[in-house]
Amino acid sequence: MNNIKSEFTIKDLENFSGIKAHTIRIWEKRYNLLQPNRTDSNIRYYNIDNLLKLLNVSLLNNNGLKISKIAQLDEQEIAIKVREQAYNKGNENQALNSFKLSMLNFDEGLFNQTYNKLLVQSSFRDIFKNIFIPFLEQIGVLWQVNSITPAHEHFITNLIKHKMHVNIERLQNITNLNHDKVFVLYLPSNEIHELGLLYLHFELLLHGYKSIFLGQSVPLENLNDLQGVYKNITFIVYLTVEPSKESVLEYLDRIERNVLNGTIDSLWAIGAKIRNLDTDKIKYKNISAFKSIDELLKVL
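For the sequence shown, numbering that gives the first Met the number 0 gives the first residue as 0, with consecutive numbering after it.
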């Protein structure tokens, strides 16, 4: 239990729930909604039960129940109301809250339980787009403001990655329908953030394409090995952290000179580095830039 984060500041509660600290304080005073503890130096802090209650209160409030009514409910009644909301099709807040708690407590069982409930009414594709992508964006914010540690981030992203691999393996057992081109997916040297690229791999397989996933930190010269085996390759590179902002265009130039030149192959570039790039500066017809996964999927 020592590895479980058990004390939270009011700013942590704001970051997790989306409810402003000022509002939390008002709810405390007016409705006695939470019972914070205090350190020897009189600094208030909250335990995991406070956080869980606030997440549940946030869920009910966002679904139209007035805070004055919620405050009249006991813990069991709140839990019943939350379960009722969990069965409402399209309600994603409960799943997000459960995933947050599973991350905080390193609770793989809660993660799997929540995921399996979602699978009853949604496809993996819908779960990833509607739940996991917003969740991962929230994780990024929580990490930046020190509400979670890298251990929390690694734990939860690896669980999501595992679900991704399971669904990819299922698709790989299905015969490819589109044989006219081959997609080769990779991350540049020193880049390790592969969840977005893995999801693209899943989508390409779902569309029936031949998709080869090379993964993390692939040296540029290694791409030539694929060209000795396949023709008409579309390389897809996902640029999240690497290369540096100043070096993105230079990196694309190197790909054109050393990989694409003299072939019918092409490159699709995507990721945070591309979103922040003036794509009009890309001068090669065989290199395309995409600001989002949805934008890329539209051209398949």
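Just so it is clear, CB atoms sit at the ideal spot from N, CA and C, and this is done for glycine as well.
Worksheet item: Anyone know if the C-beta pair for V236 and G261 falls short of 9 angstroms?
Response: no
Worksheet item: Nearest to N301 by CA position, among N231, Q226 and K282, is which residue?
Response: Examination of residue 301 is not possible in this model, given that the chain is present from 0 through 299 alone.
Discussion item. Using a Cβ distance threshold of 8 angstroms, determine whether the stretch 184-195 contacts the stretch 206-216, with at least three qualifying pairs required.
Written reply: yes
Discussion item. Relative to the C-alpha of E168, which candidate in F123, P133 and H151 has its C-alpha closest?
Written reply: F123
Discussion item. Suppose you measure from the CA of V81 to the CA of Y44; what does that come to, to the nearest Å?
Written reply: So the alpha carbons of these two residues sit roughly 25 angstroms apart.
Worksheet item: How many Å lie between Q34 and I23 at the Cα?
Response: Computed Cα separation, rounded: 11 angstroms.
Practice prompt. Compare the Cα-Cα distances from N285 to each of P218, N223 and I263 and report the closest residue.
Written response: I263
Worksheet entry | Cβ-Cβ separation, L100 to G51 (assumed contact under 8 angstroms), whole Å | The sequence as given places Leu at residue 51; Gly does not occur at that position. Indeed they touch by this definition, with Cβ atoms about 7 angstroms apart.
Item to complete: Report the rounded CA-to-CA distance for V247 versus L222, giving the unit in angstroms.
Response: Roughly 18 angstroms separates the two Cα atoms.
Fill in: Beta-ladder partner(s) of R37, from DSSP
Note: R37 is bridge-paired with R43 in the DSSP secondary-structure output.
Fill in: Distance between H153 and K116 (C-alpha atoms, nearest Å)
23 angstroms
Discussion item. Distance check for P218 and D224, CA to CA, integer angstroms please.
Written reply: Approximately 11 angstroms, taken between the alpha carbons.
Worksheet item: Are the stretch 66-82 and the stretch 102-121 in contact at 8 angstroms, needing three or more beta carbon pairs?
Response: no
Practice prompt. On the DSSP bridge assignment, give the partners of W267 in chain order.
Written response: According to DSSP, W267 bridges with I235 and S287.
Worksheet item: Helix, strand or coil: how does DSSP classify K88 here?
Response: Bear in mind that a pLDDT of 48 at K88, under 50, signals an unreliable position, so the model cannot answer this.
Worksheet item: Going along the chain, which residues of its own chain have a beta-carbon closer than 8 angstroms to the beta-carbon of N46, five neighbours each way excluded?
Response: S5, E6, F7 and N36
Discussion item. Please identify the residue among Y198, D11, I173 and Q137 whose C-alpha is closest to the C-alpha of K162.
Written reply: When the alpha-carbon of K162 is set against those of Y198, D11, I173 and Q137, the nearest one is in Y198.
Discussion item. Using C-beta distances below 7 angstroms, list every residue in its chain close to E91, excluding the 5 sequence neighbours before and after it, in chain order.
Written reply: N129 and I130
Worksheet item: So, using beta-carbon positions, are L32 and A70 closer together than 9 angstroms?
Response: yes
Fill in: Neighbourhood of F234 by C-beta, 6 angstroms cutoff - its chain only, sequence neighbours within 5 removed
V183 and L266
Discussion item. Threshold first: 3 residues or longer. Then list the beta strand (DSSP E) segments lying entirely within the stretch 141-202, N to C.
Written reply: 177-185
Fill in: Supposed contact pair H151 and N177 - C-beta distance, whole angstroms, cut 8 angstroms
A Cβ-Cβ distance of about 39 angstroms is found for the pair N177 and H151, leaving them out of contact under the 8 angstroms criterion.
Fill in: Reference Y283, options I42, L251 and L196, closest by Cα
L251
Practice prompt. Report the residue from Q75, S57 and L72 whose alpha carbon sits nearest the alpha carbon of S97.
Written response: The shortest Cα separation from S97 among Q75, S57 and L72 belongs to S57.
Worksheet item: What residue does the beta strand (DSSP E) around G214 start on, and which one ends it?
Response: Y208 to G214
Worksheet item: If we ignore side chains and look at the alpha-carbon of each, how far apart do M0 and P133 end up?
Response: The predicted model places M0 with a pLDDT of 36, which falls under 50 and marks its position as unreliable, so this point remains unresolved.
Worksheet item: Taking the alpha-carbon positions, what's the I254 to K10 distance?
Response: 45 angstroms
Worksheet entry | Collapsed DSSP secondary structure at F105 in the structure displayed | F105 falls in the coil class under three-state DSSP.
Worksheet item: In terms of alpha-carbon separation, which member of E27, N41 and G195 lies closest to L53?
Response: E27
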